[in-house]
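Enquirer: This is the structure I have questions about; it appears just below.
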Amino acid sequence: MVLGITLIEILVTVAIIAVMVGISYPTLTRGLDGIRLRTSVSQAGTFFNRARMEATRRQRPVHFMVDPEKKQLLAIATEGGWQDEFEFEDGITVVFPMEREQLILYPGQSSPEFRLRLENRAGTRAGLKVNILTGAAEKWHDN
Numbered sequence: 115m116v117l118g119i120t121l122i123e124i125l126v127t128v129a130i131i132a133v134m135v136g137i138s139y140p141t142l143t144r145g146l147d148g149i150r151l152r153t154s155v156s157q158a159g160t161f162f163n164r165a166r167m168e169a170t171r172r173q174r175p176v177h178f179m180v181d182p183e184k185k186q187l188l189a190i191a192t193e194g195g196w197q198d199e200f201e202f203e204d205g206i207t208v209v210f211p212m213e214r215e216q217l218i219l220y221p222g223q224s225s226p227e228f229r230l231r232l233e234n235r236a237g238t239r240a241g242l243k244v245n246i247l248t249g250a251a252e253k254w255h256d257n
């Protein structure tokens, strides 16, 4: 009697593993898309806060722009000398504002009202809203 595994048994095992991977793949990628979305919102909030801090540090206004077409945020000191930009990852779309929006961040003053809403490939949305009293960027996301 010869003991071992036949080629048919190996092929059946490989086929079962392939089916299991095929079934679980969409769930895994959806989870990664959610992580990318939350990370993008966090990074946008950090970028906004950095622009506010730069206005305070320089004691000069900073222009803060959202460009939905280019999927980017841009901050420029009004008198030059400093500029920074942030681009969102592939798969992240700026849903609101729908058109290019520009704010001016003044040193030592409260922040203008600002909202940003992002969406991933799965249609999940998240965003941030700037509290006009504290200037803090508050994050939110769909559950």
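Residue numbers (our numbering): 115 to 257.
All residues carry an ideal CB built from backbone N, CA and C; glycine is no exception.
It should be emphasised that the depicted structure is a prediction, and the values quoted were computed from it without experimental measurement.
Between which residues of its own chain and residue 217 is the CB-CB distance below 7 Å, once the five residues before and five after are set aside?
Expert: 178, 226, 228
Enquirer: Helix, strand or coil for residue 128, going by three-state DSSP, please let me know.
Expert: Correct three-state label for residue 128: helix.
Enquirer: So, at 7 Å on beta carbons, what are the nonlocal neighbours of residue 152 in its own chain, with the 5 sequence-adjacent residues on each side left out?
Expert: 240, 255
Enquirer: If distances are taken between C-alpha atoms only, which option among 165, 185, 200 comes closest to residue 192?
Expert: 165
Enquirer: Can you tell me whether residue 245 is buried or exposed, with buried defined as 16 or more other CB within 10 angstroms of its CB?
Expert: The residue in question, residue 245, is exposed, as its Cβ has fewer than 16 Cβ neighbours within 10 Å.
Enquirer: How big is the Cα-Cα spacing for residue 186 and residue 135?
Expert: 35 Å
Enquirer: Tell me the DSSP secondary structure of residue 219 in three-state form.
Expert: strand
Enquirer: Please report the straight-line C-alpha distance between residue 201 and residue 184, rounded to a whole angstrom.
Expert: 8 Å
Enquirer: Taking buried to mean at least 16 other C-beta atoms within 10 Å of its own C-beta, is residue 190 buried or exposed?
Expert: Burial call: buried.
Enquirer: Under three-state DSSP, which class holds residue 160?
Expert: helix
Enquirer: Which whole-angstrom value is the C-beta distance of residue 242 and residue 252, which I expect to be below 8 Å?
Expert: The distance from the Cβ of residue 242 to that of residue 252 is about 6 Å, consistent with a contact at the 8 Å cut-off.
Enquirer: Figure out for me which residue from 203, 237, 249 has the closest Cα to the Cα of residue 219.
Expert: 249
Enquirer: Any chance you could list the beta strand (DSSP E) runs of at least 3 consecutive residues sitting entirely within the region 143 to 207, in chain order?
Expert: Unbroken beta strand (DSSP E) runs of no fewer than 3 residues, entirely contained in the region 143 to 207, are found at 176 to 181, 186 to 191, 197 to 201, following chain order.
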